[in-house]
Each structure stands twice: as structure tokens, then as C-alpha cells.
Amino acid sequence: MKRICKVNNFNSNKPILLSEEIDMGHKKRNTSHRSKSSQPPPAPPTAAASVDGGANPKPPDLDSRKIAATPSSSQDSIKLECERALTALRRGNHTKALRVMKDLCSKHGSSPLLASIHRVMGDVCVVAASIINDTNAKERHLKNAKESAKKSVTLSPNSIEFSHFYANLLFETANEGKEYQEVVQECERALAIENPIDPAKETLQEESYQKIFSAEVRVAHVQNELRSLIEKSNNAYECCQKISKAEARVVQLQNELQSLIKTAPGCHEKISTADASIVHVQNEVWSLIQKFRSIPMRSTRDPIEVTSVMARWPNEIKRSTRTPEERRKEIEARVAAALLLQQKDGAESGRREEKWEYEEKHFSG
């Protein structure tokens with residue numbers, strides 16, 4: 001009686017589509033219980049007929065009904081436990097849902113519904129991973145989800161719905177190009193199934209299939225989802241290839257930069273030597289400029305004096321006994337002085353012309 005009450009309490013929160021299956025299992029359990037209580041002890045046929053009055057001998061029929069009801073009762077109990085786990089999951093208690101599914105996997109390891117059990121186990125692990133914030137726990141739940149989904153595909157290779165769930169889970173957890181290739185391979189395997197099982201027969205969440213009435217349409221719908229997943233995986237694979245090439249280029253540039261850093265001391269010495277040479281040349285030029293500036297210059301206001309100085313220079317050069325280097329420097333100094341004198345004369349003549357133009361403009365009238 002306690003077990004019956006537990007089923008009734010759970011029955012209020014389960015999907016409507018499973019109500020008939022649960023009621024059937026409930027009735028079959030009552031029938032089997034009634035058959036046990038009403039089954040007479042083994043006796044010869046004549047004795048059994050005398051007990052029942054010889055009118056309605058039913059013990060063989062009850063035994064056959066009990067044998068036929070046993071597999072259905074097991075399937076109903078498995079579905080009840082799966083719904084119990086999903087209900088706990090919808091209420092946010094993923095720990096209870098995981099515990100229920102683990103117990104179910106351990107108890108029904110040889111059940112024909114083991115593939116469906118692993119499929120629901122994958123759902124529970126995925127939802128648990130989405131709720132948990134701990135990175136390590138999240139990765140552990142996703143890994144368990146992929147393992148359960150792979151087991152469901154292995155146990156039911158003709159299930160296109162299980163294959164789609166497994167491929168979609170691989171796509172959501174993929175990070176590298178080879179992982180996206182695994183998604184494509186699984187999708188292509190599912191599309192190559194000759195006689196795929198109706199997706200509505202292998203899922204407890206049948207609400208999404210109520211609007212799709214025929215099995216062919218349901219199978220075609222899942223096949224379209226698989227083709228879309230192949231396209232997404234191929235695009236993601238191409239992006240991964242481009243990222244890998246870019247990362248390889250970055251590594252190459254980093255290696256080149258490291259080699260330049262290693263050879264930098266030699267380059268620094270060369271640059272320092274060149275800088276020192278430039279500074280030395282600049283100092284020489286500056287010293288020459290200072291020498292030119294230190295040469296005494298006569299005033300250019302007296303042109304007669306300038307003429308006399310220029311007239312004396314040839315005689316002085318002839319009478320001098322200086323070295324060729326000293327003569328060269330003296331010539332350079334005189335040339336510089338002459339250029340300076342010419343510039344000053346040009347400036348004074350320009351000022352005179354401006355003065356004359358000003359006087360003609362303002363005082364001519």
C-alpha cells in the first residue's frame with residue numbers, strides 16, 4: 001500500500017502522456033498480486049476441478065497473464081523513475097535527479113530500455129552542468145553526459161534521435177577542429193541509417209512530437225537538424241583552421257622577436273660606434289666654425305681701407321715662409337671674409353635703394 005501511495009503522489013506531477021502507461025502498470029501489479037493470492041496450491045487436475053466446481057478453471061490463464069505483465073511492469077517502473085528524475089530536475093534538485101538515474105542504471109543494466117535510461121541520464125547531466133557554477137564540476141557533468149549519450153547510441157544504433165542528441169552534445173562541448181570532425185562523422189552515420197526508429201518512441205519528453213503526426217515527418221525533421229548541425233560544424237572547423245594558422249604566425253613572430261632581442265647587444269654596440277663617429281665629426285665642424293669666427297675682420301664701412309688690405313695680401317703671401325697647411329687656412333679665412341663683406345655690401349645697397357624709393361614716393365611732390 002505504501003508503494004501505491006507513492007505512485008499516486010508522483011502521478012500528479014508527471015506528463016499527461018504517461019498517465020495511461022502508469023495506470024496500466026498499476027493495474028497489472030494489482031492483477032499479479034491478486035493472482036498470487038488466488039492461485040491454489042499445486043494439485044492434480046481433478047482436484048482443481050473439484051475445488052472450483054469444475055465450471056471455470058482459470059489458474060493457467062492467470063499464470064500466462066502474470067508472465068506477460070512482468071516485462072510491461074518493468075518498463076513502466078523504469079519510465080516512472082525517469083519521470084521522477086525529470087520532475088526533480090525541473091524543481092531544481094539536480095542532486096536527487098542524478099541519484100535516481102544512477103540507481104536506475106545500476107538496477108536495470110540488462111533492460112531493453114537501458115538506452116533510454118542513458119539518454120535521460122545525459123539530459124540530467126547537461127541540466128546539472130548548466131546550473132552549477134564550479135568549473136570542475138561543470139566539466140565533470142558534461143563528460144558524464146557525453147558518456148551516457150554515447151552509451152545510448154551504442155545500445156540503440158538505429159535511433160536517429162539518440163544520435164542527434166549525442167552529436168549536438170559533442171558540438172556544444174567542442175573546442176578544436178578534430179572535435180568538430182567527430183560531430184560531422186556522427187551526423188553522417190545517423191543520416192546513413194536505413195530504417196531509423198521513430199523518435200517519438202524513444203523519448204519520455206513526447207510533448208514536442210505531438211504536433212508532428214507521422215513517423216516519416218518526425219524522422220525527416222531530425223534529419224534536417226542533423227544536416228544543419230553538419231553545416232555548423234564545418235563552419236566551426238574552418239574557423240578553427242584559420243585560428244590555428246594565425247596562432248602559428250604569432251608564434252613565428254614571437255620567435256623572430258626573441259632572436260632580435262638576443263642579437264640586440266651587438267646592434268647596440270654598432271649604433272654606439274656610429275653615434276661616437278657622428279659626434280667626433282660634429283666637433284671637428286664646430287671647431288672649424290669657431291676658427292673662422294675668431295679671424296679678425298676689418299670694418300667694411302671704409303672701402304679705401306678694404307682696398308688697401310686686399311692690395312697688401314699678395315705681397316704678404318709672396319714674402320711669407322709659411323707651411324702649405326697654414327697658407328691653405330689663411331686662404332680659406334680670406335675667402336670667408338670676402339664673402340661676408342659681399343653680403344654686408346649687398347645689404348647696405350638694398351637699404352639705400354629702399355630709402356631712395358621712400359623719398360621719391362613721399363617727397364617728390
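Letter 7 of the sequence shown, counting from 1, is numbered 7 in full-length UniProt numbering, and no numbers are missing. Idealized CB from N, CA, C, for every residue including glycine.
Length of the line joining the Cα atoms of L226 and I193 = 12 Å
Roughly how many angstroms separate the alpha carbons of L339 and L253, rounded to a whole number?
-> For the pair L339 and L253, the Cα-to-Cα distance works out to about 58 Å.
Could you give the distance in angstroms between the alpha-carbon of T95 and the alpha-carbon of A236?
-> 34 Å
Are there 16 or more other CB atoms within 10 angstroms of the CB of K270, so buried, or fewer, so exposed?
-> exposed
Whose CA, out of S111, R140, E182, lies closest to the CA of S152?
-> S111
So what's K6 in DSSP terms, helix, strand or just coil?
-> At K6, the pLDDT of 34 sits below 50, so the modelled position is not reliable and the matter cannot be decided from this model.
Out of curiosity, what's the CA-to-CA distance linking A137 and F171?
-> 20 Å
Exposed unless 16 or more other CB atoms sit within 10 angstroms - verdict on H280 | exposed
Ends of the alpha helix (DSSP H) at H141?
-> Run containing H141: 135 to 155, per the alpha helix (DSSP H) assignment.
Beta-carbon proximity list for A85, same chain, < 7 Å, skipping 5 on both sides = A97, V100, M101, V120, V124
Three-state secondary structure assigned by DSSP to H280 | Three-state DSSP puts H280 in a helix.
Just reading off the alpha helix (DSSP H) that K102 is part of, what are its end residues?
-> From DSSP, the alpha helix (DSSP H) with K102 extends over 94 to 107.
Give the straight-line distance between the Cα atoms of P196 and E176, rounded to the nearest whole angstrom.
-> Distance between the alpha carbons of P196 and E176 is about 30 Å.
What runs of the alpha helix (DSSP H), each 4 residues or longer, lie entirely inside the stretch 208 to 273?
-> Listed in chain order, they are 215 to 262.
Rounded straight-line distance, which links the Cα of G92 to that of I132 = 11 Å
Sequence-distant residues of its chain with Cβ nearer than 6 Å to A174 (five each side left out) = Y180
Could you give the residue range of the alpha helix (DSSP H) that holds A190?
-> 177 to 191
In whole angstroms, what is the alpha-carbon distance linking A347 and L341?
-> 10 Å
Go ahead and pull the three-state DSSP assignment for T323.
-> coil
Classify A347 as helix, strand or coil using the three-state DSSP reduction.
-> helix
Anyone know if the C-beta pair for I160 and V217 falls short of 9 Å?
-> The criterion of a C-beta distance shorter than 9 Å is not satisfied by I160 and V217.
Quick one: Cα of K143 to Cα of R189, how far?
-> 22 Å
How many Å lie between A129 and L257 at the Cα?
-> 43 Å
Return the CA-CA distance between D198 and V219, expressed in angstroms with no decimal places.
-> 6 Å
What's the gap between the Cα of C239 and the Cα of V250?
-> 16 Å
Pick helix, strand or coil for A336, following the three-state DSSP scheme.
-> helix
For N158, collect the residues of the same chain with a Cβ closer than 7 Å to its Cβ; drop the 5 residues on either side in sequence, then sort them by chain order.
-> The beta carbon of N158 lies closer than 7 Å to those of I193, N195, P196, I197 in the same chain, with the five residues before and after it left out.
Locate the alpha helix (DSSP H) running through R91, then write down its first and last residues.
-> Counting along the chain, R91 falls outside any alpha helix (DSSP H), and DSSP gives it neither H nor E.
Apart from the five residues on each side of it in sequence, which residues of its chain come closer than 7 Å, Cβ to Cβ, to L113?
-> Q75, I78
Using the rule of at least 16 other Cβ atoms within 10 Å of the residue's Cβ for burial, across every protein chain shown, is I230 buried or exposed?
-> buried
Within this structure, are the beta carbons of A115 and E202 separated by less than 9 Å?
-> yes
DSSP on E194, reduced to helix/strand/coil?
-> coil
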